[in-house]
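Asker: My structure is below; once you've seen it, I'll send some questions.
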Amino acid sequence: MNIDYNETIPNNVDLSTDKALQRALERWRPRYLQWWLEMGPEGAQHYDVYLRTAVSANASGWAHFDYVKMPEYRWGIFLAAPEPGRTIGFGEHKGEPAWQEVPGEHRANLRRIIVTQGDTEPASVEQQRHLGHTCPSLYDLRNLFQVNVEEGRHLWAMVYLLHRYFGRDGREEAEALLERRSGDADNPRLLTAFNEKTPDWLSFFMFTYFTDRDGKFQLCALAESGFDPLARTTRFMLTEEAHHMFVGESGVARVIQRTCDVMRAHNVEEPDKVRALGVIDLPTLQRYLNFHYSVTLDLFGGEQSSNAATFYSAGLKGRFEETKINDDHVLKHDTYTVLDVVDGALVEKEVPALTALNERLRDDFIADSLRGVARWNKVIARHGIPFRLQLPHKAFNRRIGTFAGIHVSPDGRVISAAEWQAKVHDWLPSEADRAFVASLMGRVVEPGKFANWIAPPASGIKGKTLDFAYVRIN
Ligand SMILES: [Fe+2]
Ligand SMILES: [Fe+2]
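Counting from 2, one number per residue, gives the positions in the sequence shown under my numbering.
This is the structure:
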């Protein structure tokens, strides 16, 4: 499973044995590079960045670290090793051999799943393209670029599947993935969260904590797919994804650490006084958290979804850790609890489990998100500060599904539009909050130096010290 780097497109799928496919991807490549130059990290294309590059799809020692100029990054096609004799683990085809080619009757659904996943990858690069101008350190700048090049590679992963398995319409979809633009009024990205701005580094850390974590859960569900090439592709993507969530969790933790250090040193608690010391007050952190968490919850789709049921029964998209769940993996006779709105109150109801698979994946995501919030709260507790961050109620600030038409407070009360209007600035970042955070975003590019609003990390990358030149700005 070692990766062939002698090819124009590094790969471990024997691309050179399929000349037509190789040529098609080699024709797509310059258009990808053009997109990267236009929409990738702004003003940073000539920097030497200390990046990891995948060199093997084996879990141990899969990456190599060295200075690379981003446009020269070796984007390629890497699938996790095949599992001999793998069978489909769920749905109506459970127990049958996993598909190595696209089953005709599921072609349209599979293509839709792959395009939706693929669209998020370049979208996040576009959302983050201005952040290099305001990096809090070279260490953080390098992490941003690492995330960006890997999202670029995830686009390659999906484009490979489209080209290899979907013929002409797959190639057309691969072109369209380079044409949509995050936030564009005429040709936006497919999902709302990927059309939001990521204007500052606090947003970036919250995005990588919550929205890349949505990515993890979607990829985990696809890693169970009966369509084996999709399962193997997403399994390898998950190896890279772990770092993105680390960037988010440790980034927010360092912001908290710095804020609490300053609060203790100066013995201040009121947000205005905390802000006057050039750090981000904890209530503002909570509002940013509320925003990114609620926008990300929408990505899982409606509570009840016939598409989700179809994708599962057809064997295309499983549950999180499907193989570890102790049930029949068909779910025809099972139910699941979802929330409904009845007479202005949130009430639980039992629905067929097959239709509630979006909600189940969302609940798995929530449980995972809680763990990092608990670790953030430990940082605050260690400073003897009584404040605690919380995930808002899952019905808070939702635009998709059951709660789209109603207002719900962070503690889960259905409220009037008037109450929402009166309190929304306590719950979601206001223009003033965003302007304050933006005002802190200076550019720090001296090795070993960190912006005032964030603590240094506990350790550097790949054993390097914190004053290592993670990016050489030439
Ligand atoms: Fe990704
Ligand atoms: Fe990611």
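C-beta atoms are modelled at their ideal positions from N, C-alpha and C, and glycine is treated no differently.
Over what stretch of residues does the beta strand (DSSP E) that includes Phe477 continue unbroken?
Answerer: Residue 477 cannot be examined here, being either before or after the span of the chain that is shown, 2 to 475.
Asker: Within this structure, are the beta carbons of Ala456 and Arg143 separated by less than 8 angstroms?
Answerer: No; because the gap between Cβ atoms is not below 8 angstroms, this pair is not in contact.
Asker: Please report the distance separating the alpha-carbon of Leu429 from that of Ala418.
Answerer: Each residue's Cα considered, the two are about 15 angstroms apart.
Asker: Which two residues bound the contiguous beta strand (DSSP E) that contains Pro123?
Answerer: Where Pro123 is concerned, there is no enclosing beta strand (DSSP E), although the alpha helix (DSSP H) it sits in stretches over Arg108 to Gln128.
Asker: Start and end of the alpha helix (DSSP H) containing Val425?
Answerer: Unbroken alpha helix (DSSP H) run through Val425: Ala418 to Trp428.
Asker: Give a yes or no on whether the C-beta atoms belonging to Ala1 and Gly302 are separated by under 8 angstroms.
Answerer: Residue numbering for the chain in the displayed model covers 2 to 475; residue 1 lies beyond these limits and cannot be assessed.
Asker: Assess, as a yes-or-no matter, whether the segment 215–232 is touched by the segment 93–108 under the definition of 3 or more beta carbon pairs within less than 8 angstroms.
Answerer: They touch, by the three-pair rule.
Asker: Give the secondary structure of Ser57 by DSSP, where H, G and I count as helix, E and B as strand, and everything else as coil.
Answerer: The answer is strand: DSSP assigns Ser57 an E or B state.
Asker: With a cut-off of 8 angstroms on the beta carbons, I'd call Thr234 and Leu163 a contact; round off their distance for me.
Answerer: No, Thr234 and Leu163 are not in contact; Cβ-Cβ is about 11 angstroms, not under 8 angstroms.
Asker: Answer with buried or exposed for Asn149, where buried requires no fewer than 16 other C-beta atoms within 10 angstroms of its C-beta.
Answerer: That one is buried.
Asker: Among residues of its own chain, excluding the 5 on either side of Thr9, which ones have a beta-carbon nearer than 8 angstroms to its beta-carbon?
Answerer: Cβ within range, chain order: Glu27 and Arg30.
Asker: With hydrogens ignored, establish whether the beta-carbon of Gly119 is closer than 7 angstroms to any heavy atom of ligand 2.
Answerer: No, the Cβ of Gly119 stays beyond 7 angstroms of every heavy atom of ligand 2.
Asker: Would you kindly work out how many angstroms separate the C-alpha atoms of Thr338 and Lys198, rounded to a whole number?
Answerer: Looking at the two C-alpha atoms, the distance is approximately 34 angstroms.
Asker: Starting from Thr88, follow its DSSP beta bridges and name the residues at the other end.
Answerer: Thr88 pairs with Pro98.
Asker: Of all the options Gly77, Asn59 and Glu106, which has the alpha carbon lying nearest to the alpha carbon of Pro83?
Answerer: Comparing Cα-Cα distances from Pro83 to each of Gly77, Asn59 and Glu106, the minimum goes to Asn59.
Asker: Suppose contacts are defined by Cβ-Cβ distances below 8 angstroms. Is Phe321 in contact with Phe218 by that definition?
Answerer: Yes, they are a contact pair.
Asker: Does at least one heavy atom of ligand 1 sit under 7 angstroms from the Cβ of Glu349?
Answerer: No; taking the cut-off as 7 angstroms, the Cβ of Glu349 has no heavy atom of ligand 1 nearer than that.
Asker: Work out the CA separation of Pro42 and Gly461 for me, nearest whole Å.
Answerer: Computed Cα separation, rounded: 22 angstroms.
Asker: Is His293 near ligand 2 - that is, is its Cβ less than 7 angstroms away from at least one heavy atom of it?
Answerer: His293 Cβ: outside cutoff for every heavy atom of ligand 2.
Asker: Please report how far the alpha carbon of Val409 lies from the alpha carbon of Gly252, in whole angstroms.
Answerer: Spanning the two alpha carbons is a distance of roughly 29 angstroms.
Asker: Hey, could you find the ends of the beta strand (DSSP E) Lys350 is sitting in?
Answerer: Unbroken beta strand (DSSP E) run through Lys350: Ala346 to Pro353.
Asker: According to the Cβ coordinates, are His65 and Leu317 closer than 8 angstroms?
Answerer: Cβ distance not < 8 angstroms, so His65 and Leu317 don't count as in contact.
Asker: For Gly216, is the beta carbon positioned less than 7 angstroms from some heavy atom of ligand 2?
Answerer: Checking every heavy atom of ligand 2 against the Cβ of Gly216, one is found closer than 7 angstroms.
Asker: What's the call for Gly216, buried or exposed, on a 16-neighbour Cβ count within 10 Å?
Answerer: Gly216 should be labelled buried.
Asker: One question on the structure: do Asp341 and Lys350 come within less than 8 angstroms of each other, judged by their Cβ atoms?
Answerer: It is a contact, given that the beta carbons lie within the stated cut-off.
Asker: How would you call Glu432, buried or exposed, if buried means at least 16 neighbouring beta carbons within 10 angstroms?
Answerer: The residue in question, Glu432, is exposed, as its Cβ has fewer than 16 Cβ neighbours within 10 Å.
Asker: Contact between the segment 265–274 and the segment 110–119: three or more CB pairs below 8 angstroms?
Answerer: These segments do not touch.
Asker: Tell me the residue span of the beta strand (DSSP E) that contains Tyr337.
Answerer: Its beta strand (DSSP E) spans residues Thr336 to Val343.
Asker: Please list, in chain order, all residues of the same chain as Leu392 whose beta carbon is under 8 angstroms from its beta carbon, the five residues on each side excluded.
Answerer: These residues qualify, in order along the chain: Leu290, Tyr294, Ile367, Ser370, Leu371 and Val374.
Asker: Do Gly184 and Asn453 have their CB atoms nearer than 8 angstroms?
Answerer: Not in contact: Gly184 and Asn453 (Cβ atoms no closer than 8 angstroms).
Asker: Between which two residues does the alpha helix (DSSP H) carrying Val390 extend?
Answerer: The amino acid at residue 390 is misidentified as Val; the sequence shows Leu. Here Leu390 belongs to no alpha helix (DSSP H), and DSSP marks it neither H nor E.
Asker: Could you check if Glu97 belongs to the surroundings of ligand 1, using beta carbon to heavy atom distance under 7 angstroms?
Answerer: The answer is no for Glu97.
Asker: From what residue to what residue does the alpha helix (DSSP H) around Phe312 run?
Answerer: Looking at the DSSP string, the run of the alpha helix (DSSP H) that includes Phe312 is Ser307 to Ser314.
Asker: So, are the CB atoms of His155 and Arg444 less than 8 angstroms apart?
Answerer: Taking 8 angstroms as the Cβ cut-off, His155 and Arg444 do not qualify as a contacting pair.
Asker: Could you check where the alpha helix (DSSP H) with Cys136 kicks off and where it finishes?
Answerer: Unbroken run through Cys136: none, as it is neither H nor E.
Asker: Could I get the ranges of all uninterrupted alpha helix (DSSP H) runs contained in the segment 3–48, with 4 residues as the minimum, in chain order?
Answerer: List check, alpha helix (DSSP H) in window: 20–40.
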